[in-house]
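J.: Have a look at the structure that comes next, please.
In the working numbering, the protein residues as written are 515 to 1488.
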């Protein structure tokens, strides 16, 4: 096909328009060159032609938008991101059914954010037409992202995610006020600010005229957020129109890196200007004589502000405010004096780090200053919502447990009663899962290529000061060495690494920060980086660690061929880090005058420093260029611990250099040791299971009703570690999950109590012996591995009546804080209703491990290795037969899985499927004997996964029972 054809087809794939038959308008455009016209087969050929880059890019973008659309009438009854939606799109484009499969192969569905929402009391208003009519600030923000080298796909996904949020807000022009309250759940350091900046841009385009962004409780975070919004959304013209010159010394301002709008909003009546009520240097202050800054302009005084005639010409006010009682009180006081009727002002409240300080945590038994302050902040937010009847509240957090646990009946709280949006994990993001081996790689098989732990994690296990100093020196050497590698890469054409930082987080106490900072300053002086004596030490570290990991994880980047090549850059890195007063900066709540050090300002200059701190560096604040982390602090709350994961984030051009030095034996109460790496792994798994639950039960059922609403979310949270609560107890709402059934989808039941003397293991094995006696056949089943390669495994199998399986699992004991009851209810209900008659039970036999003799049992059985948490963490295992689940889901009737011909032959409409796994669980000194046999049943655990018949619960179902509000936690956190 010619370029003329490609251009004609691409023009019919315009942004923001619905899918329509593409053949007729294309032929109209090509009438002169192609008088006989193209056929639909020709159009499909163009879509699939790799050389038609413009067409493929446009079609990919449009399909992404159309797959996600949720308000336009053309979608009919189809659900976003579903196969039915894609078929609907193809039909509207005029593509025949026999082309759908090939189109899907070339343009697979990308997915999108997960949404849990209540039904809204209005018709859809945020339509594509409305978006096209008012999009000045969104288009400007997209341009900024493109200039930051965001690719089209990433911007497109942000477009979808932000639209998903905005259309769940109330129409700012609607006659009756309505407050929508929602929560957006991202990942720590994953770009939540980009999302809420996009939401703000679209919201002000849509008509919201007062924007209040609530940041964390510290000024450094507020200032960082203000600057980013100013630089990427407010723009130079709007900033210059004010009286403040807070960016006079800012390097990016001087270099022209702040957004320059295509049209100056201050010189036209067609585009509203933005007026800042706060600056990068000043939090909200009482406006006093300048109160007119909050007086909204109107064209027709006979109409309210929210009438479109008045609303769209009116300018926008934006305030970025710390969650501090004094600042919020000033804002509340000024709002009460505003001459414009408050119930006419469409306002948007963005609550960043919404789980911090915003929720109502009052506890009569705890009247410490912090508790009073937090409750006071919640009261101020509630008062703002009370004053602004048209205010929409959106909380943003990576740790949502505090928000979903609060009492939805308490009007003072900011419970997300209207929607919860769980954002996708960004592709280049480096998060919790990237530092752990969640696929259970055997320890003996781990390499930097297949193990995240081997690649990025370095243990801290010191038992004396000498060992501690050696560990600190290795971390410091890693910081200098990675700085040298970055400079080497710059010399080979890599983009400049403006910031290069190391984070040291050992305590929340300021006095201890001083001591730690002094330790690292002394170590810096004695390490000898400016002398030849350090080179042999650094060369050994490079050869044993960084050269190996970079070869496995950063082969596409420039890497030195030898240490000699790198040597010249070590001195340069040392000089960069040594610049200024000290290589160390203490970042905490103390006054800056208390420290003789450089200021921490990522905006004004490049920062190559070691940062020592606590709370200021553990929530919300982005540590730019973070490469080396030294972490040994313990906390008893999962959300607090996750927020300390500052090593999460985007690491462009140096992902392979990131290292986490983390305490494996951190002291705690009563002399107990805590493994913080295991603790992080546990909450990463808990968080992922929570997100999986949201995914499973998002969307609507066959009646078009939501499967669950935000009020149903709290019981989906599970905690693995007894000492690590999801959030503070006074933030947890009491509710019970009483039924959980997903037809054709397996669930692993690994949440077993600590091993103890092994008697529980013995009882569990005895419980499943009736199932083992029924395994009278052997066969081969298929599964698809993580690389999408079809593989097979051998298993013994048999058919067991469902009531026998129920009797067996009823004898199992479970970890504190986890309830088998909802699963049992679904199991027994399916049996009683005749939808579940029997189970196909599989016992996989590993190819690389021989069966072992079992004491008291007549035959050898396969014993595999599965991770059981150590010491205090021995509350369960990390998985059963993860990859082999394809087979049981196929047997149970899942239309999405293929377990091979035998699995297909075993399928019956009323048959479930179960996998048994026996996992090594010996007493600490019996490991070798447990591996070799004969093995006592006390020394291995019985694990299982099962899937109910797909026909029993084809759409999935969960049920809740809400207790009286305010009665405590839903999990046993003792």
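C-beta: ideal position from N, C-alpha, C; glycine also.
Can you name the start and end residues of the beta strand (DSSP E) that residue 1091 belongs to?
T.: By one-based count along the chain shown, residue 1091 stands at place 577. No beta strand (DSSP E) holds residue 1091; the alpha helix (DSSP H) holding it covers 1077-1092.
J.: From residue 1021 to residue 1137, what does the alpha carbon distance come to, in whole angstroms?
T.: Taking the chain shown and counting its residues from 1, the one referred to as residue 1021 is at position 507. Taking the chain shown and counting its residues from 1, the one referred to as residue 1137 is at position 623. So the two alpha carbons sit approximately 17 Å from each other.
J.: Quick check: residue 789 and residue 832, are their CB atoms within less than 9 Å of each other?
T.: Here the question's residue 789 lines up with position 275 in the chain shown. Here the question's residue 832 lines up with position 318 in the chain shown. In this structure, residue 832 lies closer than 9 Å to residue 789 by Cβ.
J.: Check residue 820 in the structure and name its three-state DSSP category.
T.: For this step, residue 820 is matched to residue 306 along the chain shown. If DSSP states are grouped into helix, strand and coil, residue 820 belongs with coil.
J.: Would you check if the distance between the CB atom of residue 1456 and the CB atom of residue 1380 is smaller than 9 Å?
T.: Residue 1456 sits at position 942 when you count from the first residue of the chain shown. Residue 1380 sits at position 866 when you count from the first residue of the chain shown. It is not a contact, given that the beta carbons lie outside the stated cut-off.
J.: Just the Cα atoms here: how many angstroms apart are residue 515 and residue 620?
T.: Taking the chain shown and counting its residues from 1, the one referred to as residue 515 is at position 1. Taking the chain shown and counting its residues from 1, the one referred to as residue 620 is at position 106. Looking at the two C-alpha atoms, the distance is approximately 18 Å.
J.: In whole angstroms, what is the alpha-carbon distance linking residue 844 and residue 774?
T.: Against the chain shown, residue 844 aligns to sequence position 330. Against the chain shown, residue 774 aligns to sequence position 260. Each residue's alpha carbon lies about 32 Å from the other.
J.: Roughly how many angstroms lie between the CA atoms of residue 823 and residue 813, to the nearest whole one?
T.: Here residue 823 refers to the residue found at position 309 of the chain shown. Here residue 813 refers to the residue found at position 299 of the chain shown. Taking the straight line joining both Cα atoms gives about 7 Å.
J.: Under a Cβ-count criterion, where at least 16 other Cβ atoms within 10 Å of its own Cβ denotes burial, should residue 628 be classed as buried or exposed?
T.: Within the chain shown, the letter at position 114 stands for residue 628. By the neighbour-count rule (16 or more Cβ atoms within 10 Å), residue 628 is buried.
J.: Counting beta carbon pairs with one atom in the segment 1350-1366 and one in the segment 1410-1428, are three or more of them shorter than 8 Å?
T.: Segments in contact, yes.
J.: If we require 3 or more residues per run, which beta strand (DSSP E) segments fall completely within the segment 717-759?
T.: Runs found: 724-728.
J.: Specify, as a first and last residue, the run of the alpha helix (DSSP H) that residue 575 falls within.
T.: As a working note, residue 575 is residue 61 in the chain shown. Note, residue 575: alpha helix (DSSP H), 567-582.
J.: My understanding is that residue 520 touches residue 585, with C-beta atoms under 8 Å, so please give their C-beta distance in whole angstroms.
T.: In the chain shown, the residue the question calls residue 520 occupies position 6. In the chain shown, the residue the question calls residue 585 occupies position 71. Wrong, their Cβ atoms sit about 31 Å apart, outside the cutoff.
J.: Which of helix, strand or coil does DSSP assign to residue 1175?
T.: Along the chain shown, read from residue 1 onward, the residue named residue 1175 stands at position 661. Strand.
J.: Looking at residue 942: is its Cβ nearer than 9 Å to the Cβ of residue 999?
T.: Sequence index remark: in the chain shown, residue 942 carries index 428 (1-based). Sequence index remark: in the chain shown, residue 999 carries index 485 (1-based). Cβ distance not < 9 Å, so residue 942 and residue 999 don't count as in contact.
J.: Can you tell me which of the three DSSP states residue 1141 falls into?
T.: The sequence position of residue 1141 within the chain shown is 627, counting from 1. If DSSP states are grouped into helix, strand and coil, residue 1141 belongs with the strands.
J.: Drop a sphere of 10 angstroms on the beta-carbon of residue 1463, count the other beta-carbons inside from all chains shown, and report buried for 16 or more, exposed for fewer.
T.: Position 949 of the chain shown, counting from 1, holds the residue named residue 1463. Burial call: buried.
J.: Answer yes or no: do residue 1459 and residue 1405 have a C-beta to C-beta separation smaller than 9 Å?
T.: Start at 1 with the first residue of the chain shown, and residue 1459 comes out as number 945. Start at 1 with the first residue of the chain shown, and residue 1405 comes out as number 891. Contact flag unset, no.
J.: Based on the DSSP output, what are the partners of residue 1325 in its beta bridges?
T.: Counted from its first residue, the chain shown places residue 1325 at position 811. Answer by DSSP bridge pairing: none, since residue 1325 is not bridged.
J.: Can you grab the Cα-Cα spacing for the pair residue 966 / residue 1139, in whole Å?
T.: Counted from its first residue, the chain shown places residue 966 at position 452. Counted from its first residue, the chain shown places residue 1139 at position 625. Approximately 20 Å, taken between the alpha carbons.
J.: For residue 908 and residue 949, I'd like the C-alpha separation in whole angstroms.
T.: The residue given as residue 908 occupies position 394 in the chain shown. The residue given as residue 949 occupies position 435 in the chain shown. The straight-line gap from Cα to Cα measures roughly 30 Å.
J.: Residue 557 and residue 723 look like a contact to me (Cβ under 8 Å); what is the Cβ gap, rounded to whole Å?
T.: Start at 1 with the first residue of the chain shown, and residue 557 comes out as number 43. Start at 1 with the first residue of the chain shown, and residue 723 comes out as number 209. Not quite, the Cβ-Cβ distance comes to about 45 Å (not below 8 Å), so this is no contact.
J.: Identify which residue in 689, 672 and 561 has its Cα closest to the Cα of residue 716.
T.: Numbered from 1 along the chain shown, position 202 holds the residue referred to as residue 716. Measuring from the Cα of residue 716, the nearest candidate turns out to be 672.
J.: Determine which residues share a DSSP beta bridge with residue 1291 and list them.
T.: Start at 1 with the first residue of the chain shown, and residue 1291 comes out as number 777. DSSP output for residue 1291 lists 1311 as bridge partner(s).
J.: To the nearest angstrom, how far is it from the Cα of residue 1060 to the Cα of residue 1187?
T.: By 1-based counting over the chain shown, the position of residue 1060 is 546. By 1-based counting over the chain shown, the position of residue 1187 is 673. If you take the alpha carbons of residue 1060 and residue 1187, they lie about 30 Å apart.
J.: Between the Cα of residue 1367 and the Cα atoms of 1376, 609 and 1361, which residue gives the shortest distance?
T.: Indexing the chain shown from 1 puts residue 1367 at position 853. Ranking the options by Cα distance to residue 1367, first place goes to 1376.
J.: Out of 643, 826 and 1344, state which residue places its alpha-carbon closest to the alpha-carbon of residue 1258.
T.: For the purposes of this step, residue 1258 is taken as residue 744 along the chain shown, with counting starting at 1. It is 1344 whose Cα lies nearest to the Cα of residue 1258.
J.: In the DSSP assignment, what are the bridge partners of residue 1428?
T.: The residue you call residue 1428 lines up with position 914 of the chain shown. Bridge partners of residue 1428: 1355 and 1460.
J.: Applying the 10 Å Cβ sphere with the 16-neighbour rule, what's the burial state of residue 551?
T.: Taking the chain shown and counting its residues from 1, the one referred to as residue 551 is at position 37. Classification for residue 551: exposed.
J.: Beta strand (DSSP E) containing residue 1122: first to last residue?
T.: In the chain shown, the residue the question calls residue 1122 occupies position 608. Here the beta strand (DSSP E) through residue 1122 covers 1122-1127.
J.: What is the residue span of the beta strand (DSSP E) that residue 905 lies within?
T.: For this step, residue 905 is matched to residue 391 along the chain shown. 905-911 is the span of the beta strand (DSSP E), which, as asked, contains residue 905.
J.: Check residue 695 in the structure and name its three-state DSSP category.
T.: Taking the first residue of the chain shown as position 1, residue 695 is located at position 181. Residue state, collapsed to three classes: strand.
J.: Does DSSP put residue 1421 in a helix, a strand or coil?
T.: As a working note, residue 1421 is residue 907 in the chain shown. Reduced to three states, the DSSP call for residue 1421 is coil.
J.: Under three-state DSSP, which class holds residue 1019?
T.: As a first step, residue 1019 is located in the chain shown; it is residue number 505 there, counting from the start. Reduced to three states, the DSSP call for residue 1019 is strand.
J.: Over the uninterrupted alpha helix (DSSP H) stretch that includes residue 1279, give me the two end residues.
T.: By 1-based counting over the chain shown, the position of residue 1279 is 765. Start and end: 1273-1286.
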